[in-house]
Amino acid sequence: MKFNASMIAEYLHGTIEGEKNITVTNISRIEDGKPGTLAFLSNPKYNKYLYKTGASLVLVNNDFELERPVSCTLIRVENAYEAFASLLTLYQQSIVPKTGIENPSFIDSSAKLGTDIYIGAFAYIGANVCIGDHSRIYPQVFLGDNVKIGNNVIIYAGAKIYDNCEIGDNCIIHAGVVLGADGFGFAPREDGTYEKIPQIGNVVLEDDVEIGANTTIDASTMGSTIIHKGAKIDNLIQIAHNCEVGENTVMAAMTGVAGSTKIGNNCMFGGHVGVAGHIKIGNGVKVGAMTGIDKNVKDNNTIMGLPAMPYDRALKAMVLYRKLPEIHDDVVALKKELKELKEQLKK
Amino acid sequence: MKFNASMIAEYLHGTIEGEKNITVTNISRIEDGKPGTLAFLSNPKYNKYLYKTGASLVLVNNDFELERPVSCTLIRVENAYEAFASLLTLYQQSIVPKTGIENPSFIDSSAKLGTDIYIGAFAYIGANVCIGDHSRIYPQVFLGDNVKIGNNVIIYAGAKIYDNCEIGDNCIIHAGVVLGADGFGFAPREDGTYEKIPQIGNVVLEDDVEIGANTTIDASTMGSTIIHKGAKIDNLIQIAHNCEVGENTVMAAMTGVAGSTKIGNNCMFGGHVGVAGHIKIGNGVKVGAMTGIDKNVKDNNTIMGLPAMPYDRALKAMVLYRKLPEIHDDVVALKKELKELKEQLKK
Amino acid sequence: MKFNASMIAEYLHGTIEGEKNITVTNISRIEDGKPGTLAFLSNPKYNKYLYKTGASLVLVNNDFELERPVSCTLIRVENAYEAFASLLTLYQQSIVPKTGIENPSFIDSSAKLGTDIYIGAFAYIGANVCIGDHSRIYPQVFLGDNVKIGNNVIIYAGAKIYDNCEIGDNCIIHAGVVLGADGFGFAPREDGTYEKIPQIGNVVLEDDVEIGANTTIDASTMGSTIIHKGAKIDNLIQIAHNCEVGENTVMAAMTGVAGSTKIGNNCMFGGHVGVAGHIKIGNGVKVGAMTGIDKNVKDNNTIMGLPAMPYDRALKAMVLYRKLPEIHDDVVALKKELKELKEQLKK
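Written out as structure tokens, the structure is:
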């Protein structure tokens, strides 16, 4: 799509400085803007880029003062950052979502399909599957038997959802996600081999959940592994069987949660965190990246470290870990000095 | 399927207390049991849930004493946990496995297919592939040329197996698994670029191996990367080229093993473990979560920590890591005190 | 394919000792060589295997001295390792790449396809996709709308590439890779829920990039997440939105890079490394396995540890971490001794 400066200025209630008819077809960052794109300038650290940007159109704050002429057209607005964000959202909403059923796809005759949905080619829709209205199932997605999908759900290409899983409204599931694979449960036999424990539960995503690419969430042994309303789970995360992740909890990439652990609401997890099994993390807990959590954590704690400890303590411990060679030297020196002193005193 | 209390009691050689004709169609945990489900009570900690569970039918031990009336029907058995496990297995065995070939699928004319197999829609079966009897290949699976699959194997939706890999009998491969991608081998050129080293080997899974969702096991440079009989590998694990994992070794999610490392039999790995390349881990080794193993480990050792150390030492070191601020304060105070003492003595 | 000893000796300008007409069809390691295969002996540590190898043909150095008779045929060459590597490359080049379009596949009518390409069954080629000459798109690959693929690219089975991503010449993308999923960006609302920030950018792989199995690289919020020319990214790696990875940088499995971080050229990352967001790693930086990088790193530094520190310091700190129990004992003993000494002196 093409927009000219006047249309954008009118939409944003801004004023134009420069060429009114210049058109843009895309958005860019001011530091690497190309002709035909729109950028914004909000952070004064980036002012220097305005004078050399290739972007055709730049949003700036009303009170921004030019130091010298620029080659791009400016649109002055109250708040350049917010104006840009509103354009970003507008831009994305302008993309008409796909609808209809592409061929070939496999849709079991017992499946119930909502209105205005999209099913991409090579998608597999098993027996008794229900798909809500306005949902989009991209190509090569697998929905096992009895899977329930809510309204306005997007499941990107190649995600795999095992039998009996349930997905709430407005969820987004990225490519390569696997929901509902068998929990990792084996009982040791006397001869050292293992017997598989049947995993007959499922995975439930409540409404407004987003799951990042190639993340895996295992089915419960029985009952459900549950991701509660509004939780956001990044890429390459592992949630084991019988876990729960609370409402509006946000978890960065590569975090792993072992079996039967319950995580509270409104928590924030950095990347690469490991969480032991069968523990309970309270509400509002914040966890630094690469933390190893080995026991229960109470509400509203901020923790970090391997093993986890209070954040302030972890910051100190990490600084001192780097200083261990000096601390060790000090201890060795102290031992020597004290020994010498004692010997001197004996004389 | 529907079962009534009498049928279940008869199968378990149990006795009914309550409504003999009540029916159940599913299984649940006692703490969140719903009508129409069967639960069990074994751990006394959960006794309180018996009086408020919604489950219709609950298995209890013969010697369990009721404190007050319950609304559910009870079946008394010798051991409620074992009885429940046997029902769980029965329940899962009652699910009739899919058979037949769904359309469209791609099956090279040179492929050899066993009896009673299932091939899902959009599965790709390359040239000279052999699939044993009773094996199930779910939709969107890719089997490259010359892949060999044993009997009673399950390969879930979308798993990808490169050319020449071999899968033994009774293996289970979960969705999104990638077996046989090129090992990560590059020779540096003088100009800083890299030349790819051909990786012409394969991956071999021996019998009774289970591989978790989205795990990757790379092909050997030549010869085979081997997962030996009965090993169980969880989700999102990386096994690099030329590795071997021993019989009945169990590895939890997100563990990574670098190239050419050999891991022994009957080992247990916690999650998020890193193992260096070209080392040897003995038999019966136990490894705590988030451990970093940088050198050989002898048989039957239990290790933990980053870097790995004996388990007991690691427990102590972790406690002291949290105490580093106090240890440092002590050292600083000792230095000061000793200096003061020396100065005093000089006078 | 079958080769006899004479053909191979001629190709390598080597001399045969033994049966000239013996044929081989595959390559093996000398320690597990089977009849009908060719192996090599270069490292003297492996000399012992020569006398018991099952391989039919073994390359040895011209100056190698036999201690006793062998059952295999030898070919003597100037440098057995290099000769073997050249055969390995020859072997791989001898495999004729697939070409043509398998059915069923989904190719939008607006897609532009180069010459001599392969498109596997169940591959999905979206609107306006361009695919260069001699590129191979394996079965079940997804290419979203407007994706551009260069010449001589290989995309293995089931890789998923979202709309608008661009792949340079000679790239190799392994099975299960996801390129261009939404960056993990959410703005907190006052009620604790999150608003999704539109991610309208893409992923760009420059020429000669290789991406390992099940790795995920997210689309930029706007502009591009860029993997520069010649970079090699292993399996199960996460590169977040707005990142850049420099030319010829090599990254081992399970490393994660948080958003907006820039990594320089010719870096080497060990496995399981975590890199914080919004930081800058210089050129020529080397990073040990399981390192946590929390701030900028200057050119040509070698770092390791959690948190990252100079390599030599990290080696010492790790040794001392294992010794923390003894260091702590020393500090406790010193405190006691000093206290006793002071008390003695008071008297």
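Chains as they are written, first to last, in numbering that gives the first Met the number 0: chain Z, 0 to 346; chain Y, 0 to 346; chain E, 0 to 346. Idealized CB from N, CA, C, for every residue including glycine. As the structure is a computational prediction, the values presented were derived from the model and not from experiment.
| query | How would you label E:K147, buried or exposed, when you count the other beta carbons within 10 angstroms and need 16 or more for buried? | reply | Along the third sequence, one-based indexing puts residue 147 of chain E at 148. Buried, by the Cβ-count rule.
| task | Mind checking who Z:G255 pairs with in its DSSP beta bridge? | result | Start at 1 with the first residue of the first sequence, and residue 255 of chain Z comes out as number 256. In the DSSP output, where bridge partners are listed per residue, Z:G255 has Z:Q237, Z:G273.
| task | Just the C-alpha distance for Z:D293 and E:F2, rounded to the nearest angstrom, thanks. | result | Counted from its first residue, the first sequence places residue 293 of chain Z at position 294. Counted from its first residue, the third sequence places residue 2 of chain E at position 3. Between Z:D293 and E:F2, the C-alpha separation is close to 58 Å.
| query | According to DSSP, is Y:K111 helix, strand or coil? | reply | The residue labelled residue 111 of chain Y in the question sits at position 112 within the second sequence. Three-state DSSP puts Y:K111 in a strand.
| Buried or exposed: which applies to Y:G13, given that a residue is buried once 16 or more other Cβ atoms fall within 10 Å of its Cβ? | Locating residue 13 of chain Y in the second sequence gives position 14, where the first residue counts as 1. By the 10 Å Cβ count, Y:G13 comes out buried.
| message | If you follow the beta strand (DSSP E) that E:P187 is in, where does it begin and where does it stop? | response | Along the third sequence, read from residue 1 onward, the residue named residue 187 of chain E stands at position 188. From DSSP, the beta strand (DSSP E) with E:P187 extends over 185 to 187.
| Residue of Y:D233, Y:E189, Y:M6, Y:G182 minimising C-alpha distance to Y:H173 | Along the second sequence, one-based indexing puts residue 173 of chain Y at 174. Checking every option, the nearest Cα to that of Y:H173 belongs to Y:D233.
| Taking the alpha-carbon positions, what's the E:I347 to E:I326 distance? | It is not possible to answer for residue 347 of chain E, since the shown part of chain E is limited to 0 through 346.
| task | Buried or exposed for E:P96, please, with buried defined as at least 16 other CB atoms from any protein chain shown within 10 angstroms of its CB. | result | To locate residue 96 of chain E, count along the third sequence from 1; it is residue 97. With fewer than 16 other Cβ atoms within 10 Å, it is exposed.
| Short CB-CB distance (under 8 Å) between E:P306 and chain Z | Sequence index remark: in the third sequence, residue 306 of chain E carries index 307 (1-based). E:P306 counts as touching chain Z.
| query | Hey, E:G269 and E:G287: beta-carbon distance below 8 Å or not? | reply | As a first step, residue 269 of chain E must be located in the third sequence, where it is residue number 270. As a first step, residue 287 of chain E must be located in the third sequence, where it is residue number 288. A contact, by the Cβ cut-off of 8 Å.
| request: Taking Y:G287 as the query, report the chain E residues whose CB atoms sit under 8 Å from its CB, ordered along the chain. | output: Start at 1 with the first residue of the second sequence, and residue 287 of chain Y comes out as number 288. None at all; the shortest Cβ gap to chain E is about 14 Å.
| Looking at the structure shown, is Z:R135 part of a helix, part of a strand, or coil, going by DSSP? | Within the first sequence, residue 135 of chain Z is the residue found at index 136, counting from 1. Strand at Z:R135.
| field | Chain-ordered chain Y contacts of E:Y90 [CB-CB under 8 Å] | value | Locating residue 90 of chain E in the third sequence gives position 91, where the first residue counts as 1. In chain order: P197, I199.
| Excluding five sequence neighbours on each side, which residues of the same chain lie with their C-beta closer than 6 Å to the C-beta of Z:E18? | On the first sequence, position 19 is the one that residue 18 of chain Z refers to. T72, listed in sequence order.
| said: Excluding the 5 residues flanking Z:F121 on each side, which residues of the same chain have their C-beta closer than 6 Å to its C-beta? | reply: Position 122 of the first sequence, counted from the first residue, corresponds to residue 121 of chain Z. Result list for Z:F121: P138, Q139, in chain order.
| query | So what does DSSP say about E:R321, is it helix, strand or coil? | reply | Position 322 of the third sequence holds residue 321 of chain E. It is helical.
| said: Using 8 Å for Cβ pairs, my map puts Z:G178 next to Z:Y155. What's the rounded Cβ distance? | reply: Reading the first sequence from its first residue, position 179 is the one you call residue 178 of chain Z. Reading the first sequence from its first residue, position 156 is the one you call residue 155 of chain Z. The displayed chain sequence assigns Leu, not Gly, to residue 178 of chain Z. Going by Cβ atoms, the distance from Z:L178 to Z:Y155 rounds to 13 Å, so no, they are not a contact pair.
| Residues from the stretch 308 to 328 of chain Z in contact with chain Y, defined by Cβ distance under 7 Å | M308, R312, K315, A316, L319, Y320, I326
| request: Using a threshold of 8 Å, state whether the C-beta atoms of E:S219 and E:G182 are closer than that. | output: Here residue 219 of chain E refers to the residue found at position 220 of the third sequence. Here residue 182 of chain E refers to the residue found at position 183 of the third sequence. In contact: E:S219 and E:G182 (Cβ atoms closer than 8 Å).
| field | Cβ neighbours of Z:L352 in the same chain (closer than 6 Å, five flanking residues each side left out) | value | Summary: the structure shown does not reach residue 352 of chain Z, with chain Z confined to residues 0 through 346, and so no result is reported for it.
| If you draw a straight line from the C-alpha of Y:T215 to the C-alpha of Y:G131, how long is it? | Position 216 of the second sequence holds residue 215 of chain Y. Position 132 of the second sequence holds residue 131 of chain Y. Cα to Cα, the separation comes out at about 23 Å.
| Counting only runs that start and end within the stretch 33 to 111 of chain Z, where is the alpha helix (DSSP H) found for 4 or more residues in a row? | 46 to 49, 79 to 92
| Z:V296 and Z:V284 closer than 8 Å at C-beta | As a first step, residue 296 of chain Z must be located in the first sequence, where it is residue number 297. As a first step, residue 284 of chain Z must be located in the first sequence, where it is residue number 285. Yes. Within cutoff.
| task | Output the distance between the C-alpha atoms of E:P68 and E:V57, rounded to the nearest integer angstrom. | result | Within the third sequence, residue 68 of chain E is the residue found at index 69, counting from 1. Within the third sequence, residue 57 of chain E is the residue found at index 58, counting from 1. Answer to the nearest angstrom: the Cα atoms are 13 Å apart.
| query | When the cut-off is 8 Å and only beta carbons count, does Z:F185 lie next to chain Y? | reply | As a working note, residue 185 of chain Z is residue 186 in the first sequence. True, the Cβ-Cβ gap to chain Y drops below 8 Å.
| said: Across the stretch 251 to 262 of chain Z and the stretch 235 to 242 of chain Z, are there enough close Cβ pairs to call them in contact, namely three or more that are closer than 8 Å? | reply: yes
| task | Kindly indicate the opening and closing residues of the beta strand (DSSP E) around E:E246. | result | Here residue 246 of chain E refers to the residue found at position 247 of the third sequence. E:E246 -> no beta strand (DSSP E), and no H or E assigned at all.
| request: State the start and end residues of the unbroken beta strand (DSSP E) segment that holds Y:A180. | output: Working through the second sequence from its first residue, we reach residue 180 of chain Y at position 181. Note, Y:A180: beta strand (DSSP E), 177 to 180.
| request: Could you have a look at Y:M221 and say whether DSSP puts it in helix, strand or coil? | output: Indexing the second sequence from 1 puts residue 221 of chain Y at position 222. Here Y:M221 sits in coil by DSSP.
| said: DSSP has E:E16 in a bridge; who is on the other side? | reply: Start at 1 with the first residue of the third sequence, and residue 16 of chain E comes out as number 17. Per DSSP, E:L73.
| request: Measuring only between beta-carbons, confirm whether Z:N20 sits less than 8 Å from chain E. | output: Counting from 1 along the first sequence, the entry for residue 20 of chain Z is found at position 21. No, Z:N20 does not count as interfacial toward chain E.
| task | Assign Z:Y50 to buried or exposed, taking buried as 16 or more other Cβ atoms, counted over all protein chains shown, within 10 Å of its Cβ. | result | Translated into positions along the first sequence, residue 50 of chain Z becomes position 51. Per the 10 Å Cβ criterion, exposed.
| field | Contact check, Z:N347 vs Y:G175, beta carbons under 8 Å | value | There is no way to answer for residue 347 of chain Z, as the model of chain Z reaches only from 0 to 346.
| How many angstroms separate the CA atom of Z:L352 from the CA atom of Z:A332? | No answer is possible for residue 352 of chain Z: the residues shown for chain Z start at 0 and end at 346.
| task | In angstroms with no decimal places, state the Cα-to-Cα distance between Z:I116 and Z:Q91. | result | Your numbering for residue 116 of chain Z matches position 117 in the first sequence. Your numbering for residue 91 of chain Z matches position 92 in the first sequence. Whole-angstrom Cα-Cα distance: 19 Å.
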